[in-house]
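Using numbering that gives the first Met the number 0, the first residue of the sequence shown is number 0, and each one after it goes up by one. A short worksheet on the structure shown next.
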Amino acid sequence: MKKYDLIVIGMGPAGMAVTAMASNMDLNVLAIEKHKVGGECLNYGCVPSKALLKAGEVNEITENLRQFGIQFNGDTEIENPLEIVREKVGEISGNKTMKAFERADLIIDKGEAKFVDKKIVEVDGERYTADKIFIATGTEPLVPPIPGLKDVSLLTNLNIFAQEDIPKKLTIIGGGAIGSEMAQAFSRLGSEVNMFQIDDHLVPIGDEEAGRVLEEKFKKEGIGVYNSTGINKVEEKDRKIIIHTEAGVFESNEILVATGRKIVLDSLNLENAGIEYGKGGIKVNRRLETNVKGIYAVGDCNGKALLSHAAMHQGMIALMNAINPTPIKQFNYDDFLVPWSVFTKPEIAQVGVTEKEAEEKGLDYQIVKENYSDYGRTIADGKPEGFVKVITNSKGKVFGATIVGEAASELIHEWILAIQHDIGLFDIMMTQHSFPTISLMNKRVAEKWMMGKTNSGFISKLAKKFI
């Protein structure tokens with residue numbers, strides 16, 4: 000039985016982070032992956048979805064050239080965007096990705112790893128042992144218990160990018176990040192898209208006002224958005240899918256399920272190692288260590304944040320904790336903010352508390368908001384939809400930020416820094432931002448906050464006295 004310093008089970012974002020960093024430290028690492036290196040993010044999620052969104056964006060631009068004073072006298076034809084998506088995924092997942100793991104031993108696509116005891120893992124009939132073991136097995140699509148749904152040939156993120164053609168009619172169940180991104184991508188590539196969800200606005204984990212902005216954009220683009228609408232039954236007739244909903248009966252060529260994720264741990268035989276887990280995932284402490292010393296659970300499998308960047312961060316944090324004999328405050332994962340982004344057009348990004356959450360928490364807060372429609376750069380770019388909204392207080396402390404609009408996923412990082420490191424609005428206002436970048440929107444929010452203070456009685460009287 001071969002012994003390693005570390006065994007990593009699962010090579011998605013979390014497992015890749017642990018494996019790459021640990022092997023770079025000259026640790027002897029065994030990484031086990033039952034399918035493909037990169038996990039769902041690289042192969043079936045984050046990466047292919049962005050490639051398809053880009054194809055849809057390019058097609059949308061060609062159809063709206065006149066807003067830029069350009070006329071195109073020919074026709075654009077949608078040929079094989081899904082094939083191009085697969086080519087791009089193949090390019091990324093090939094040598095460029097695998098090079099990071101040259102110093103590790105890999106067991107790929109040879110079966111699932113199972114715990115024999117606290118220090119021994121078995122895969123494909125062989126046993127391996129290590130002092131430190133990292134579980135990074137991710138999640139899989141959650142299919143809701145809708146009558147008839149499992150009897151039709153449904154799509155999830157696992158197989159939608161393997162399709163050959165863009166469907167004429169596409170029904171999407173779910174209005175979160177995956178559902179929203181795929182709705183816009185396929186609509187812009189020619190599909191007639193209808194979305195159904197039980198929540199009352201798109202991207203329900205986020206700010207309602209931001210979700211409404213995206214919803215209005217979708218409706219302008221011809222996407223059917225049915226909020227607070229249940230599905231009673233799904234059936235297949237004459238090679239078409241019939242969806243019976245509370246809003247009526249709809250016909251579709253394909254149905255995409257995007258209703259969330261579920262954690263699957265049964266095959267790991269966690270009981271053999273005495274590892275505690277529940278419906279919410281493997282139980283871990285602030286160091287991301289399980290109840291069994293030396294065994295860590297990182298990424299989706301611990302249920303803390305089902306996001307790829309959170310998984311990568313957890314992999315790094317857990318490894319730092321594993322190589323340090325005593326706890327270090329900087330590596331307490333619960334102290335880290337988890338931002339998220341939705342890559343539609345307009346994008347939505349969020350960090351910290353929303354307006355609703357600030358109200359529920361009883362915070363003494365105020366809202367400072369700057370609209371994209373009031374800024375020259377976004378008007379010039381033809382991207383006037385959206386806003387930057389910051390939850391703050393009279394002292395300029397930042398509690399949360401929501402951005403909907405062009406480059407929201409990039410602008411949000413300044414607010415992550417602000418909250419994580421207690422940087423106030425005054426500091427952001429006093430930081431020069433290049434003009435006319437879209438990131439200047441953040442500075443404009445800080446300036447608006449200061450203008451609100453200068454309009455107060457004391458400062459206004461002071462200014463009038465000395466000027």
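By construction, the Cβ of each residue, glycine as well, lies at the ideal position given by its N, Cα and C atoms.
On the premise that Thr258 lies in contact with Pro143, defined as a C-beta separation below 8 Å, what is that separation, rounded to the nearest angstrom?
Their Cβ separation, rounded to whole angstroms, is 5 Å, which keeps Pro143 and Thr258 in contact under 8 Å.
The alpha helix (DSSP H) spanning Asn58 covers which residue range?
Asn58 -> alpha helix (DSSP H) spans Cys45 to Glu62.
Thinking just about the alpha-carbon of each residue, which of His420, Ile378, Leu51 and Gly298 is nearest to the one in Gly11?
Sorting His420, Ile378, Leu51 and Gly298 by C-alpha distance to the C-alpha of Gly11 places Gly298 at the top.
Considering only the alpha carbon of each residue, which of Lys131, Asn42, Arg211 and Phe67 lies closest to Lys292?
The residue with the shortest Cα to Cα distance from Lys292 is Lys131.
On the DSSP bridge assignment, give the partners of Met194 in chain order.
Looking at the DSSP assignment, Met194 forms a beta bridge with Ile171 and Val224.
Enumerate in chain order the residues of its own chain whose CB-to-CB distance from Arg443 is below 6 Å, with the five nearest sequence positions on each side excluded.
Excluding the 5 residues flanking it on each side, Arg443 has same chain C-beta neighbours closer than 6 Å at Glu369, in chain order.
For a quick check, are the C-beta atoms of Asp104 and Leu29 less than 8 Å apart?
Taking the C-beta atoms as reference points, Leu29 is found nearer than 8 Å to Asp104.
Just curious, the alpha helix (DSSP H) that Lys447 is in, first and last residue?
Under the DSSP assignment, Lys447 falls in the alpha helix (DSSP H) whose first and last residues are Leu439 to Thr453.
By DSSP's criteria, Asn370 is part of a beta bridge. Which residues make up the other side?
Asn370 pairs with Phe386.
If you drop the 5 nearest sequence neighbours on each side, which residues of the same chain put their C-beta closer than 6 Å to that of Ile240?
Sequence-distant partners of Ile240 (beyond 5 residues in either direction) whose C-beta falls short of 6 Å from its own C-beta, in its chain, are Val151, Ser251 and Ile254.
Could you give the first and the last residue of the continuous beta strand (DSSP E) run that contains Val88?
Counting along the chain, Val88 falls outside any beta strand (DSSP E), though it belongs to the alpha helix (DSSP H) covering Pro80 to Glu90.
Which complete beta strand (DSSP E) runs does the segment 206 to 268 hold, if anything under 3 residues is left out?
With a minimum length of 3 residues, the continuous beta strand (DSSP E) runs that stay inside the segment 206 to 268 are 223 to 225, 230 to 236, 239 to 244, 247 to 251, 253 to 256 and 260 to 262.
Determine the closest residue to Ile437 out of Thr136, Gly381, Glu356 and Met449, with distance taken between C-alpha atoms.
The residue with the shortest Cα to Cα distance from Ile437 is Gly381.
What's the C-alpha gap between Asn158 and Glu76?
A straight line joining the alpha-carbon of Asn158 with that of Glu76 spans about 24 Å.
Could you give the distance in angstroms between the alpha-carbon of Ala234 and the alpha-carbon of Thr244?
Ala is not the amino acid found at residue 234; the sequence shown has Glu there. Their Cα atoms are separated by approximately 12 Å.
Under DSSP, the beta strand (DSSP E) around Ile294 begins and ends at which residues?
Counting along the chain, the beta strand (DSSP E) containing Ile294 begins and ends at Ile294 to Ala296.
Residue range of the alpha helix (DSSP H) that includes Lys2:
Unbroken run through Lys2 is the beta strand (DSSP E), Lys1 to Ile8; no alpha helix (DSSP H).
Could you pull out every residue in the same chain whose Cβ sits closer than 7 Å to the Cβ of Lys109, ignoring the five residues on either side in sequence?
So the qualifying residues of the chain are Val122 and Asp123.
Please state whether DSSP places Glu121 in a helix, a strand or coil.
Here Glu121 carries a strand assignment [DSSP, helix/strand/coil].
On the three-state DSSP scale, how would you describe Thr436?
Coil at Thr436, not helix or strand.
Which same chain residues, not among the five before or five after Asp333, have their C-beta less than 8 Å away from its C-beta?
The residues Arg285, in chain order, have a CB closer than 8 Å to that of Asp333 in the same chain once the five nearest residues on each side in sequence are set aside.
Terminal residues of the continuous beta strand (DSSP E) containing Gly178?
From DSSP, Gly178 is part of no beta strand (DSSP E) but of the alpha helix (DSSP H) over Ala176 to Arg187.
What residues in its chain sit with their C-beta under 7 Å from that of Lys278, if we drop five residues either side in the sequence?
Here the set comprises nothing.
Among the residues of its own chain, which have a CB less than 7 Å from the CB of Leu141, if the five just before and after it don't count?
Once the five neighbours on either side are set aside, the close Cβ partners of Leu141 are Thr258, Gly259, Arg260 and Lys261.
From this set, Gly302, Glu208, Asn193 and Val57, which residue's C-alpha is nearest Val248's C-alpha?
Val248 has its Cα closest to that of Asn193, out of Gly302, Glu208, Asn193 and Val57.
How many angstroms separate the CA atom of Ile119 from the CA atom of Glu358?
Ile119 and Glu358 have their alpha carbons spaced roughly 49 Å apart.
Just grab the DSSP bridge partners of Tyr127 for me.
Paired residue(s): Lys1 and Val120.
Short Cβ contact (8 Å threshold) for Lys53 with Asn42:
Going by C-beta atoms, Lys53 is not nearer than 8 Å to Asn42.
Taking the CB atoms as reference points, tell me whether Gly375 and Glu405 lie closer together than 8 Å.
No, the pair does not count as a contact, with Cβ atoms beyond the cut-off.
Are the Cβ atoms of Phe195 and Ile172 separated by less than 8 Å?
Taking the C-beta atoms as reference points, Ile172 is found nearer than 8 Å to Phe195.
Contact between the segment 54 to 73 and the segment 194 to 209 (3+ Cβ pairs under 8 Å)
No: fewer than three Cβ pairs fall under 8 Å.
Cβ-Cβ distance between Tyr364 and Ile402 below 8 Å:
At a Cβ-Cβ threshold of 8 Å, Tyr364 and Ile402 do not count as neighbours.
Lys113 (DSSP reduced to helix, strand or coil):
In the displayed model, Lys113 falls within a strand according to three-state DSSP.
Considering only their Cβ atoms, is the gap separating Val367 from Phe398 smaller than 8 Å?
No; because the gap between Cβ atoms is not below 8 Å, this pair is not in contact.
Which partner residues does Ala348 have in the DSSP bridge list?
Its beta-bridge partners are Ser340 and Ile402.
Which listed residue (Leu362, Lys396, Pro345 and Ile378) has its alpha carbon closest to that of Leu410
It is Pro345 whose Cα lies nearest to the Cα of Leu410.
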